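Residue numbers (full-length UniProt numbering), protein chains in the order written: chain A, 1 to 341; chain B, 1 to 341; chain C, 1 to 341; chain D, 1 to 341.
Where is the CB? At the ideal position from N, CA and C, for every residue including glycine.
Quick caveat, the model's predicted, so the values are computed rather than measured.
Everything on this sheet refers to the single structure shown next.
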């Protein structure tokens, strides 16, 4: 099978390219640059990839002709502009960007401050949170955001089972700098970031509506979440520390049962009661590890989830969606060697 | 004035020693080692201090004879054992450890897992949270814990003014490694800590009862707090990200008014609405900077406070208590050059 | 093929285990603990490996019966004590420790400060610097040290081709903390290591005689090297910045020709003139990248080599030796996904 | 005394401003922005300084009228353009930039790739390496570069006493990111810098001619140095690891005697035989610590010097020059509290 990849030069794109190179069902990867008009040597742009391939100029007809599907690892706004021909043709797309994740055009335009895709296109898009749905047969799959994945996997068992006060959810999320991308900013200038913590987009992060939209699907009564993001002096990983009031009669057993039921058969999610994961135990892997505990004093449930933002939070989950779409085994191409130390 | 310092070798002790060396009202500092029986060269133990002084063997009579007051920068358990003669003699002590902070012996023994000081001694101890009380005339001052200071300064305006649901407080605190002390542990082994986040003592941190004790003084109706600590891959600083539900009728104006009223005349605490501090802006200083915001969607108030755990969170606040005790101007010896970058 | 692994709990051992798990020619890995007398659950000791295997008690007869070869990822001293039965039986061993690397017993005892292996055993050992020799048919292969590999790969083209003044070699080597192992030390206490550089074992590092021994094989006239090691505030990687005076008539062309000739067919070593590698471009890979330049002003040649100390500097090169020993293709099991960022 | 400061917004400028605020002989500091045409609020540009001052528009006449001297903490090129009126008027200037350090205009233009100052101005400039000369009575003092200071202090005793082969000097210098300034670059993008080492300006760093110029003053026979710079994943500090062949008959005693003679009365330089300094032991101070050792095997002398690039390597040495110029005691304003940990 041949696959196309638009946007190899970003962090998610590079990692996705590496995963695809090691995927046993992928024969060839064609790279495309959405703002290029002629071929470019990958070695010049990304010498560290040590590959001779060319990045081809973008041409939707050419992409559909030469590939069985295409990944977009582009920034918000690009697929809004470029995806129409693929959607019209029902050509399989996995989109790592946020463009088609929000079903409400108003919401997208408010949070992303960009024009939203057409209503009819949004209707055809599928939110591929792989641990809860299956992309098989879908043609336009939106790969969930990194913060959204981390948070939703932590909260799912509690929200789906109605164990918490739906208006009590607080999420204190922390992320390494690779989530902020390659663009040079003061926030990510080493001298500024090192030995520092910096909050950003407080109450304004565009993953908030994505998370709430999904929580409402699981429990209509969730009105909102309190969500904060802090930038860490490290490169890779997200931790979401989540807090929610247990409903009055909810016991430790109920909480444990919900997590066990939800994740005991999940390939990539591991939830453990009373043991909180470290960030690094998932670095370099597609795992999302979760620790949870009902505090008997406060009757709050603390749930801490960690994942590698470029793998389970981006390129890894994109491979999961790819595996679902084409009916490969879930772990195909994702048996990675962790960084571990 | 001569001052004694017991426990210069720990991180807080070293920093306190440096501050005292630069304090204009301190003529001489006598160093004591509580487990020493003969004098030791400071240069051998702490060459980086570049000082020729000796650390003298511990002797309470000698300490009282040669100093007008004494600081204890020792670990929990030491002053429980050693402070009696000073308390009996009403000799001025500033104790940086936790031994005398909790008024309840039961609580101390539960959280610290050590025998508590005598009831009568606890009655004479004074909790020196310098921004809210004054140590003038006190003889046994407990310098507040680093997490406790960070959290209490964040919550004080809201709790004192009854603006929040008292059972809704969630504190997600983060600390650099210097807070964990000099002892070698797996948690602070570089290869383990670097590029990592690690939770520790979840729901079990000994600063929890210290915080709740003080919150109850401000508002009896606060039943507990949900408090979590995460170890950061950096050396210095604490951030407390606090969340609490505003009471129904509370407005942004109420919140702002409370912070302005509380801190507008404070030398070391700066609170700003809608601007969240970075950790590094206080590193190397005695400031506690606070950002706060009422989220109109969730009606939660987010309050983020930062301080340098070894200064405002330990040795710096100890100097503040010293200044109060002896009626020096609040900023004496604390006009520090920040690390800034 | 079944392989044995003694010492999975150290950093090199864990990484080697991961590589073996992904090696297509390895059917089963038996783990052994050299100081164990009964089986131990791997999950308990190293939960982050997410494997159910047991670590078996050490028994040389059992190891030889159940495996076609064995890896030792133990610390210096262990194989001196334990390897005899394997050597006597000509059973294939790859030893990641330093015990059998030095051919001179006196030298080993001087630098390692431990009793050396028997002379007759040292004679049978083979120094497996994979880019220059082939372990095929060997039974006791010593996997080179991490600093030794980094330095030797940098210097080989110049020394083998007699392009430099043999007494002018200066090596300024830098290493991340994983090279210092899991043992808790002040040197690797986070608060001490962070934002710091620390020299250690200046002129006393045990890789010095290993490097000189090999350089002398290439050019008898090399008398010694000036070698310094500095500990970095990062986890993974070694950089060796090497300096040597070019002989008077040596030109840029000679230098380039030597590097091209030596490495143009090498799978894992890449040498580039005038472009100096970053440490991170090899993290997570088995590559050793080298940059070199003849400075026309000083007539010194600067050679900078980088590798991942746990891969090309330890477990990765051990896999290369394994591939050579059993005649698998050089890159088998080593097509790794780099950390890249 | 009133002093002017042009360029407070850079890292060196901010630190210098802090030092001046704490200097007992400075009554008032006037800030100037060389590219400003109207006053700017310091609080807006650098809120972390917590100062209400304004940055005034640049006007040389105004500067000379309202101050007794002026500091320039500007980037290369600025004082070439702006310093003329001050030089013509013999108005005291301390220039932290490189413009006037090189006495040869050709050399400046080659290494800095900018037009050099006028010959007559260069003649009046004074290279203020404070440990070896005295700026008293000088009017245009060039504050030495950070790498130059670190390297020259390491080499001075050996070069001045002709103990080494003058063509054998190798300097492997390492620097934190603050030396690279505030400008956003890929080299200092956190995701790129973190867990990485990056060489830059190999054989091309503009401090090379500055160092050689001074070494030649000490010993005309030094022809050049081999000098390499590596960027570290930390903020503050420079380490210069220097290597040089001892002359044949030179002994450990000779080396020690040279260092002792040179630095035993120096306020800020400490040299110790056989003990190599860590970077962090000088962070936040004006000290330069040096360790040295004659290797009996290689007959190379290893000299390792460390300093805080923004203090002894910039703003701190500028204060030393200021103290010399106005005959204040050497340590005035420089009794700093180290970061220590």
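- Apart from sequence neighbours up to five positions away, the residues of its chain that approach residue 134 of chain A with a beta-carbon distance below 7 Å are 324, ordered along the chain.
- Note on geometry: alpha-carbon atoms of residue 129 of chain B and residue 52 of chain B lie some 34 Å from one another.
- Going by DSSP, residue 25 of chain B is part of no beta strand (DSSP E) at all; its letter is neither H nor E.
- For residue 324 of chain C, there is no enclosing beta strand (DSSP E); the residue is part of the alpha helix (DSSP H) that begins and ends at 316-325.
- At a Cβ-Cβ threshold of 8 Å, residue 15 of chain D and residue 334 of chain D do not count as neighbours.
- Closest by C-alpha distance to residue 160 of chain D, out of D:124, D:79 and D:258, is D:258.
- Scanning the stretch 56-97 of chain C from its first residue to its last, the whole beta strand (DSSP E) runs of 3-plus residues come out as 69-72 and 93-95.
- Interface flag for residue 341 of chain B against chain C is unset, since no Cβ pair is found closer than 8 Å.
- Distance from the Cα of residue 316 of chain A is smallest, within the candidate group A:18, A:6, A:183 and A:2, for A:18.
- For residue 184 of chain B, the C-beta contacts it makes with chain C under 8 Å involve 184, 185, 186 and 189, in order along the chain.
- Under the three-state reduction of DSSP output, residue 100 of chain C falls in the coil class, being neither helix nor strand.
- Taken through DSSP and simplified to helix, strand or coil, residue 112 of chain C comes out as helix.
- Taking a Cβ-Cβ threshold of 9 Å, none of the residues of chain B is close to residue 53 of chain C; the smallest such distance is about 22 Å.
- Beta-bridge partners of residue 40 of chain A (DSSP): A:55.
- Among the CB atoms of chain D, none fall inside 8 Å of the CB of residue 18 of chain A.
- Annotation for residue 266 of chain B: no beta strand (DSSP E) segment contains it, and DSSP assigns it neither H nor E.
- In this structure, the alpha-carbon of residue 263 of chain C lies about 40 Å from that of residue 182 of chain D.
- Residues of chain A whose Cβ lies closer than 9 Å to the Cβ of residue 298 of chain B are, in chain order, 167, 169, 170, 203, 223, 224, 225, 226 and 227.
- For residue 139 of chain B, there is no enclosing alpha helix (DSSP H), as DSSP marks it with neither H nor E.
- Judged by their CB atoms, residue 228 of chain C and residue 282 of chain D are not nearer to each other than the 8 Å cut-off.
- For residue 147 of chain D, the secondary structure class from DSSP, reduced to helix, strand or coil, is helix.
- In the displayed model, residue 189 of chain A falls within a strand according to three-state DSSP.
- In terms of beta-carbon proximity, residue 276 of chain C lines the interface with chain D, with at least one pair separated by less than 8 Å.
- Counting only Cβ-Cβ distances below 9 Å, residue 337 of chain D has contacts in chain B at 15, 18, 19, 21, 22, 284, 336 and 337, in chain order.
- In this structure, the beta-carbon distance from residue 318 of chain A to residue 96 of chain A falls below 8 Å.
- The bridge partners DSSP lists for residue 6 of chain A are A:32 and A:72.
- For residue 152 of chain B, no Cβ of chain A is located within less than 8 Å of the residue's own Cβ.
- Looking at the backbone, the Cα of residue 149 of chain A and that of residue 9 of chain A are separated by about 23 Å.
- For residue 235 of chain A, the chain D residues whose Cβ falls inside 7 Å of its Cβ are 191, 194 and 195, in order along the chain.
- One Cα belongs to residue 250 of chain B, the other to residue 300 of chain B, and the distance between them is close to 10 Å.
- As computed with DSSP, residue 175 of chain B is found in a beta bridge with B:231 and B:238.
- Less than 8 Å divides the Cβ of residue 246 of chain D from the Cβ of residue 294 of chain D.
- Rounded to whole angstroms, the gap between the alpha carbons of residue 83 of chain A and residue 98 of chain A is 13 Å.
- Considering only D:46, D:147, D:125 and D:85, the residue with the shortest C-alpha distance to residue 237 of chain D is D:147.
- With contacts defined as CB atoms closer than 8 Å, residue 191 of chain C and residue 139 of chain B fail to qualify as a contacting pair.
- With a cut-off of 8 Å on Cβ pairs, the stretch 260-280 of chain D is not in contact with the stretch 203-217 of chain D, counting fewer than three such pairs.
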